[in-house]
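Notes to accompany the following structure.
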Amino acid sequence: MDISVLQTLASRNLWGAITPEILLGGLALVLLVIELLFPKEHGRIVPVATLVGLVTILGGVLFNAPSAYLNQETFNGLLLHTHGGQIMRIFFLLAAIMVCVIARVSLAKQSLPRVEFYHIVLVVTAAMMLLAQSNHLVLFFVALETVTIGLYILVSYYRTSLTLEAGLKYLVMGALSSSLMLFGIVLLYGVAGNPALPAHTAQSMHYGQLAAFLAANPHNFLASIGIVLVLAGVAFKIGAFPFQIWVPDVYQGAPTPVTAFLAVSSKAVGFTALLALAGTVFASYAWLVAPVLTFFAATTLLFGNFAALTQHNVKRLIGLSGVSHAGFLLLGVAAVSRAPMAVGAIYFYLFAYLLASFAVFGVMAHVAGANDADQELDHYAGLAKDRPFLALVLALGLGSLAGIPPLVGFMGKLFIFIAAFQAGLYGLLAIAVIGVVVSIYYYFGWIKAAFFETWGKSVDAPTHPERTPVDFVTGFALSALALAVVVLGFYQGPLGAWLSAR
Amino acid sequence: MTMLQHALLVLLLPLASAAVIALFLRRSGGIASILSTATAAAIAGFALLLALNNDRFSASFEWLRLGNFALSIGFKFDDLAALMLVIVGIVGLCVHVFSLGYMHEDAAKARYFGGLSIFMFSMLGIVFADNLFMMFIFWELVGFSSYLLINHWHENAAPAAASKKAFIANRVGDFGFLLGIVMCYWANGTVNFTELATKADTHALVISTAIPLLLFCGAVGKSAQLPLQVWLPDAMEGPTPVSALIHAATMVAAGIYMLCRINVLMVPDALTVIMWTGAATALYAALCAIVQSDIKKVLAYSTLSQLGYMVAAFGLGSLTVSHAHGADTHTIVLAAGVGAAMFHLTTHAFFKALMFLGSGSVIHGCHHEQNIFRMGGLAKKMPFTFVTFTLGVAAIIGFPFLAGFFSKDAILYLAFANNKAVFAVLALTAVLTSLYMVRLWKITFLGAPRSDAASHAHEGGLTLTAPLLVLAVLTVVGGYTGIYPDVFSGVFDLIPEAHGSDHTVILLTSLAVTVLGAGAALALYGSTATDSLQQKSPGLFGALTGLQFSFDRGYEYYVAKVQQRFALFLNFLEQIFLAGLIVRGLAGIVGLVGLGARALHVGRLNVYVYWFLLGIVILWIYATFNF
């Protein structure tokens, strides 16, 4: 190969475009250095350094918005810097900050090394941000595996038997789903590179080229199998029925911050991929994608809500409620092809979900004892009397997740429902409304436990593990979340406009 | 700062004050009362600044957009809003200062002052609102804060019942108001006042009798017109400064203000209904007021009557005025109803707040005695209160050269010009007004003390007297439209003025009714411990008392006999079908499904893998089925 070809290729590697991701990777390495340099104090320094670094990077991204590389392909088409990608970059950074805030509380109850935890969170976040901007199935798969492998480690981080079991289950199920997805990708690669077919291409993993090929062959059998398998792999990430089976066990076994990471970031990764794939690349296979999405949405909505009803462990409960939220988001994705506003609605819903979920997880981290997997509804008895601040944050978070007006979750659901209505998905809407009604039952069961039930048979023998006091950083973060949940419910203003801009 | 920022500040200050009090100062009533009063002072200052600066503006920004439907929050600051803002600001400040003294000993002072702040916020929202929807939001907030303040002494049964009654009566009216807003939006595509006015100018407005009448329902509830007037006399269970602020000067006037805002939507049929509602209320309430023995109840019925006056004035509508310019005479149509109603609203706000605060001073001086037959001789004990209260009485009965004289004359003239029957009703009401006001004044202040409390009455401190002084000055000068800077000309230019022979007729009528009523009261009532009318003519007294309770009885009958039975019947159906079959049954099914779903998660990995693969197959079959 001529050297000038390589030079041309290299000249398209615009490293500036992925500065935030590079900085995250650098920060992750710095953490390891800190551990070496300060063998005694690194336990205190590392979380602070991580938070400061993350906030700085987030500030940099916000300061430089809109990115200079907007709507531009870099790295020879591996990346495409879309508006949606920018939104999700900020989303993942916010989520990482909150994961670290919760981890400070939760890790303090274990005697374990800290550095690796933050290190992996940073690397996984960088991979998520790359995935949100990927424009190529190979990069997509590599980024997705980086995320998943990082999460394998995080899930079993506490090394108790339940945690290890959860980690093993996640590993096996994840490997299974990855292999099926890879099989789907290979099928697409093969069929798109087949010289016998019109519009075949050598660059068949590039989204644009693949979309062009699929548009020219709208009823190819192999391609349709490939698409179904890829969608099934993505459905595993978002916990859509029938690939939700791992969710309760893994969510329960994983440490609370990791559960939050799985519930928010990992789910959002799936939806970013789904928006890019179902909305654009597979657009010409709408005859196949639409029924599959409808199937996912309907069954996920019903299953998530009904299964959450009978849970007593709050981590299982929030896991299955997360499945139902995936159902609402899938409803939005199903509406995208006929109602363009659905994209903005999905982003808004994701942010609303992020705010409310982390508020709830933040409270969970304070209520949980040393045995992280054992978090029962009963443990919340008398929280309102004992810790009014935590109880208030919990009530706002759960109220928002349930979609009670005027909290932000209500607006999120409203926008999704309007999009679905515009797209004419009346059947799915009816199912979603049933889902909302059912969900209120279990969310309020939790609120009831925190506010109205004071089992307190005897004050001197509390039946719940000791509750951690709220320190300044966590208190600030939780207050900010609670405030945002309320304020954004009343007024979406610039945020709404930014999220729905194209 | 721009004027808009000033306006925003005025609106948000009381909200901030209420929030701070609710969050941090619940236990420290002293700081809360100072914070709230300082806020009121700032509001009054900014209100004068905004009003006197001849800069009128409107601004609007989008709050929520759903497809084609947009909700906006905005300011419409014209002369009408400026006038209302000044009234709310000044009376609000007086009441805050008065409350400092009046509520000094109260245990829940912080809650009280927080309530005042949230009321100021809600009321200012109504004043600034540039569209009906925003007005409705603040309309409801005003109802809520009124509920909170009537219910201040919620340990007692009467205030709790009164607040509930006020809330429910207002809901009935608000239901019509909301329907009217929806209908207005449906018919015209907008509820923005400015856009509605523009449409009216270009004759693009949908003419309908239903819209103004439905919107008027809101005013019927809030301004306590027949037949929803029942809540206002009961609302006197709240602290007296609250009665002065909310149930005399500002909130109850919001209905009139709203009518003036939607003047462009009015049609003759609707105006006729509004006019007669107002006139009937004015007469009915004046009759009821004659037999009251509670000082606040007299003032409450008098407020009802005066609000009826304003509503009737609005309903009398426009007036054709001829202007002679040298040789040629040209006629213009004047929205005289708006001018007369707002003028009377302004003067009434001052003298009624003055009298309510005066009654508060009396009640405070007599150790919470409210029965006027157990007072007497207070003129000597409380000279300052006596003088200011006398000014208030003189103003309301239309004593020449005081505020009420001018505004009442404007209304009487408008009635004389437009509808003689209404003129007769209003003139009769004026006779009754001076009868019951002079009766109140004579029994309370003159003669000898008739109880221990009255003989030991004393004047309150500076916080009680200073507001009285301010309001007394305004009561004396408030009727001279010339003294208002011409920044309110948008409203005051609309006040009808009588000329020539009409002028003489109105002046004579006005003086005659005042003298007649006052003379009758002076002659009939002595300084006795019982009602003179009751002794001399028990039949008439009984009839008037019966009139007072007629509406309450009617509603009680309806609630107990009709609504309660219907509710019991519905409850029976609900128990069997909803609670039994649907809720229990559905809950059972849902629970079973939940248990089934739970059984799926057995926790065994090999089962999960099979399930996963089965999922792919299910999906594949489903997708194939759709091929």
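Line order of the protein sequences matches chains H and V. Per my numbering, residue 341 is the first one in the first sequence, and the count goes up by one each step. Per my numbering, residue 1469 is the first one in the second sequence, and the count goes up by one each step. Quick reminder that beta carbons are idealized off the backbone N, C-alpha and C, glycines included.
Is the Cβ of residue i closer than 8 Å to any Cβ of chain V?
i: K797(H); result: The predicted model places K797(H) with a pLDDT of 49, which falls under 50 and marks its position as unreliable; any figure quoted below should be read in that light. Answer no: the Cβ-Cβ gap between K797(H) and chain V never drops below 8 Å.
i: V568(H); result: yes
i: L768(H); result: no
i: I585(H); result: yes
i: F646(H); result: yes
i: M846(H); result: Since the first residue shown for chain H is 341 and the last is 842, residue 846(H) is missing from the structure and cannot be characterised.
i: Y687(H); result: no
i: L657(H); result: no
i: A572(H); result: yes
i: T650(H); result: yes
For residue i, does the three-state DSSP call read helix, strand or coil?
i: S1676(V); result: coil
i: F581(H); result: coil
i: E1623(V); result: coil
i: E1965(V); result: coil
i: L1477(V); result: helix
i: W1531(V); result: strand
i: G1542(V); result: strand
i: K1876(V); result: helix
i: S661(H); result: helix
i: N1522(V); result: coil
i: T1718(V); result: coil
i: A448(H); result: coil
i: S798(H); result: Any reading at S798(H) is ruled out, since the residue's pLDDT is 45, under 50, leaving its predicted position unreliable.
i: E1927(V); result: coil
Tell me, please, whether the CB atom of residue i is closer than 8 Å to any CB atom in chain C?
i: V1741(V); result: Absence of chain C from the displayed structure is noted, the protein chains being H and V.
With a cut-off of 8 Å, does the C-beta of residue i fall near any C-beta of chain H?
i: V2077(V); result: yes
i: F2080(V); result: yes
i: A2091(V); result: yes
i: V1563(V); result: no
i: A1484(V); result: no
i: A2065(V); result: yes
i: W2096(V); result: Residue 2096(V) cannot be examined here, being either before or after the span of chain V that is shown, 1469 to 2095.
Can you tell me whether residue i is buried or exposed, with buried defined as 16 or more other CB within 10 angstroms of its CB?
i: Y1904(V); result: buried
i: R444(H); result: buried
i: D718(H); result: exposed
i: I1425(V); result: No answer is possible for residue 1425(V): the residues shown for chain V start at 1469 and end at 2095.
i: A1625(V); result: exposed
i: D1999(V); result: buried
i: F2045(V); result: exposed
i: S519(H); result: exposed
i: Q2031(V); result: exposed
i: Y766(H); result: exposed
i: R1918(V); result: buried
i: S351(H); result: exposed
i: K607(H); result: buried
i: G2007(V); result: exposed
i: K577(H); result: buried
i: K2029(V); result: exposed
i: E2024(V); result: exposed
i: Y2026(V); result: exposed
i: D811(H); result: exposed
Near residue i, which residues of its chain fall below 7 Å by C-beta distance, leaving aside the five closest residues on each side in sequence?
i: N1656(V); result: L1664, K1667, L1673, V1674
i: G1689(V); result: A1637, N1638, V1640, G1641, D1642, L1696
i: T808(H); result: V445, H706
With a threshold of 7 Å, establish whether the CB of residue i neighbours any heavy atom of the ligand MN.
i: G702(H); result: As for the ligand MN, it is missing from this structure, which has no ligand bound.
Residues in the same chain with beta-carbon distance under 6 Å from residue i, minus the five sequence neighbours each way, listed in chain order, please.
i: L2179(V); result: Nothing can be reported for residue 2179(V): it is not among the residues displayed for chain V, which extend from 1469 to 2095.
Item to check | Any beta strand (DSSP E) of 3 or more consecutive residues that is wholly inside the region 1661 to 1712 of chain V | outcome: None, since the region 1661 to 1712 of chain V contains no complete beta strand (DSSP E) of that length.
Checklist entry - What are the complete alpha helix (DSSP H) segments, minimum 4 residues, inside the region 582 to 641 of chain H? => result Taken in chain order, the unbroken stretches of alpha helix (DSSP H) that lie wholly in the region 582 to 641 of chain H and span 4 residues or more are 587 to 593, 596 to 601, 607 to 616.
Checklist entry - Curious, which full-length beta strand (DSSP E) runs of at least 3 residues does the region 1756 to 1833 of chain V contain? => result Counting whole runs of 3 or more residues, the region 1756 to 1833 of chain V contains the beta strand (DSSP E) stretches 1787 to 1793, 1796 to 1802.
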